[in-house]
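> Quick one: the structure is below, and I'll ask about it shortly.
Protein chains: 2
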Amino acid sequence: MQKLHPLLPAATACSSCNLRENCLPAGITVGEMAQLEDLASMKRTFRRGDYLYRSGSPLKSLYAIRTGFFKTQVLHENGLEQVTGFQMAGEIIGMDAISTDAHTCNAVALEDSEVCELPFGRLEELGRELPSLQRHLHKIMSREIVRDHGIMLLLGSMRAEERLAAFLLNLSQRFAARGYSPSAFHLRMTRQEIGNYLGMKLETVSRTLSQFQEAGLINVRNKAVEILDAKNLRAFFGYSAAAL
Amino acid sequence: MQKLHPLLPAATACSSCNLRENCLPAGITVGEMAQLEDLASMKRTFRRGDYLYRSGSPLKSLYAIRTGFFKTQVLHENGLEQVTGFQMAGEIIGMDAISTDAHTCNAVALEDSEVCELPFGRLEELGRELPSLQRHLHKIMSREIVRDHGIMLLLGSMRAEERLAAFLLNLSQRFAARGYSPSAFHLRMTRQEIGNYLGMKLETVSRTLSQFQEAGLINVRNKAVEILDAKNLRAFFGYSAAAL
DNA sequence: GATAGCGCTTGATATAGGTCAAACTTTACC
DNA sequence: GGTAAAGTTTGACCTATATCAAGCGCTATC
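Residue numbers (our numbering), protein chains in the order written: chain C, 1 to 244; chain D, 1001 to 1244.
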């Protein structure tokens, strides 16, 4: 059942949001900020498990994640599914819908979350007035393309342990970029979801995490992860791959 | 060695190009076409094996493929590489570079090819004046994101034979969209390149093609492919996946 | 604060696809 | 147009990861 998502007044404006350097406003001048704030004034909250959008729903807005964690997943008619990403604060999602004016994946909150809604028509309009915003939107879309290519490399060419090492290091780096500890964090997703994202089964995720722990690279206890030896974790997947 | 790529005068304008419905001009009105033609007037030709751009080279333009075939590939520092796509006439490439103002993959001609160069700065400028062009550019970028998600599904969740069936059907459909036979075409890429794209080894590609042939689904002789039974080829990968 | 259900771990076994190898075919180049 | 190199096929064997199974431990809810 879809719950109601109350529309909140703008609790926090872009200019005073501590994500502004990671989010849509990056590169926007102070003078232009007011227009962007007007655009992004609509906030929505989601409980864990809620859908931000579903495959097939019409394109209305892009969404900037203010707090929380989402996953996106594509579903194939034959029942296959693939997690295409885990998104955190400051990241923009929904761009999949521009192509056909309808979303092509689901976005599900992995924890209680808040997003800023960016009506796409108005975003394009504003882009025509503000070249720096236009360019930044293009950069965000391009960044998604580049990220996707990285995942293809991971799925197509890496072994399970390399994929998981890359995944942990990527999370670490993204937490760090938001001012959180790069070495200790909580996974918001299940082993199943990690495995689906990385193209492996949940048992393999579990085994490989245990293996990393035995090797002294990490500590895992359920969702709590501590990276003990980022250097060797990186080397782990760098060197073994180089040996191919 | 990078060869010289002679700059040709505009041999064919967008308005008289038979790819206009598949390419950047899709959705552009007749009145707007002249400006687009001016933008896209620079053509470049490439011999097989030539690089259109390389990872690290600065963003200058996007490129519309007029004739020929390209592959794009990402290279990882540790030596891994991944083919991220095979691009044909009417498709736009180079969007990976917008994110960081530098290309993140190589684009290599798989046969003698011709591209229309679209200087990106001018493209953005023109996008600010022509909302339909702006929207179309966004659609093209979004389409790439959606395609990438499909490849993730393929790499992360399908078996080798399903991936290859999906690949053949995708090529078939793209040839059909350009007025070529959907049932008989030439592969422009090697088994190695197909395998790299699909996350499998060249031997597996070869074996699986032979297997499809034995099953009466296709005819293969080197690069010449004939699809004999598209329905069952589709069913092949649909049903077996559904049985999971 | 008890309990049901979901998530996680670990073991045993199976298998898809990888690896290595050899022979054959096509293509490119001198 | 002959020859070397690159691409392809097929076979035999191997291994990374999947599958199946059992038991444990959170954590969420009443």
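Glycine is no exception: its CB is placed at the ideal position from the N, C-alpha and C atoms.
(1) Using the beta-carbon of each residue, which ones in chain C are nearer than 8 Å to T1190/D?
(2) If you draw a straight line from the alpha carbon of V1115/D to that of N1196/D, how long is it in whole angstroms?
(3) Pick out whichever of N222/C, P131/C and I151/C has its Cα sitting closest to the Cα of A184/C.
(4) For the beta strand (DSSP E) containing L1052/D, name the first residue and the last one.
(5) So what's N1219/D in DSSP terms, helix, strand or just coil?
(6) Would a check of beta-carbon distances place D1038/D closer than 8 Å to chain C?
(7) Beta-carbon separation of A109/C and D50/C under 8 Å?
(8) Note down, in chain order, each residue of its chain lying with its Cβ closer than 6 Å to the Cβ of V1205/D, except the 5 sequence neighbours on either side.
(9) Could you work out which residue in L75/C, E124/C and L137/C is closest to C105/C when comparing CA atoms only?
(10) How long is the line joining the alpha carbons of A1176/D and S181/C, rounded to whole angstroms?
(11) Whole angstroms are fine: how far does the CA of G1031/D sit from the CA of L155/C?
(12) Going by C-alpha distance, which of F1086/D, L1171/D and G1094/D is nearest L1062/D?
(13) What are the start and end residues of the beta strand (DSSP E) that includes T1072/D?
(14) Quick check: the Cα distance between L1024/D and K1231/D, rounded to an integer number of angstroms?
(15) Strictly by DSSP, which residues pair up with N1106/D?
(16) So, at 8 Å on beta carbons, what are the nonlocal neighbours of R1178/D in its own chain, with the 5 sequence-adjacent residues on each side left out?
(17) Using a beta-carbon distance below 8 Å, is I92/C in contact with chain D?
(18) Can you give me the C-alpha to C-alpha distance between S1041/D and G121/C, rounded to a whole angstrom?
(19) Mapping the DSSP letters down to three states, classify L1154/D as helix, strand or coil.
(20) Hey, is the stretch 1144-1154 of chain D in contact with the stretch 65-82 of chain C, meaning 3+ C-beta pairs nearer than 8 Å?
(21) Where S1172/D and L1164/D are concerned, what is the direct C-alpha to C-alpha distance, given to the nearest angstrom?
(22) DSSP on S181/C, reduced to helix/strand/coil?
(23) Let me know the secondary structure DSSP gives S1057/D once reduced to three states.
(24) Any idea what DSSP makes of M141/C, helix, strand or coil?
(25) Using a C-beta to C-beta distance shorter than 8 Å, which residues of chain C count as neighbours of E1124/D?
(26) Identify each residue in the stretch 156-167 of chain C for which the Cβ-Cβ distance to at least one residue of chain D is less than 8 Å, and report them in chain order.
(27) Quick check on the DSSP output: the alpha helix (DSSP H) that includes I1098/D runs from which residue to which?
(28) Would you say D50/C lies against chain D (beta-carbon separation less than 8 Å)?
(29) Rounded to a whole number of angstroms, what is the C-alpha to C-alpha distance between I1028/D and S1210/D?
(30) Can you pull the chain D residues whose beta carbon is under 9 Å from the beta carbon of C290/C, in chain order?
(31) Nearer than 7 Å: is that true of the beta carbon of A1160/D relative to any heavy atom of the ligand NAP?
(32) Within the continuous alpha helix (DSSP H) that includes T204/C, where are the two ends?
(33) Mind checking which residues open and close the beta strand (DSSP E) that includes L118/C?
The answer reads as follows:
(1) Those do not exist, as T1190/D stays about 16 Å from chain C at its closest Cβ, beyond 8 Å.
(2) Straight-line Cα distance between these residues: approximately 25 Å.
(3) The option with the nearest alpha carbon to A184/C is N222/C.
(4) Y1051 to Y1053
(5) strand
(6) no
(7) A Cβ-Cβ contact shorter than 8 Å links A109/C with D50/C.
(8) Apart from the 5 residues on each side of it in sequence, V1205/D sits with its Cβ closer than 6 Å to the Cβ of R1191, I1194 and G1195 in its chain, given in chain order.
(9) L75/C
(10) Using only the alpha carbons, I get a separation of about 52 Å.
(11) 45 Å
(12) G1094/D
(13) F1069 to L1075
(14) 32 Å
(15) Q1073/D
(16) Closer than 8 Å at the Cβ level, and outside the excluded window around R1178/D, lie L1019, N1022, M1088, A1089 and G1090.
(17) no
(18) 30 Å
(19) helix
(20) yes
(21) 12 Å
(22) S181/C falls in the coil class under three-state DSSP.
(23) coil
(24) helix
(25) P131, Q134, R135 and H138
(26) G156, S157 and M158
(27) Per DSSP, I1098/D belongs to no alpha helix (DSSP H) and is neither H nor E.
(28) At a cut-off of 8 Å between beta-carbon atoms, D50/C makes no contact with chain D.
(29) 45 Å
(30) Outside the displayed span of chain C (1 to 244) sits residue 290/C, for which this structure offers no information.
(31) What this structure holds is no ligand at all, so the ligand NAP is not there to describe.
(32) L202 to E214
(33) S113 to P119
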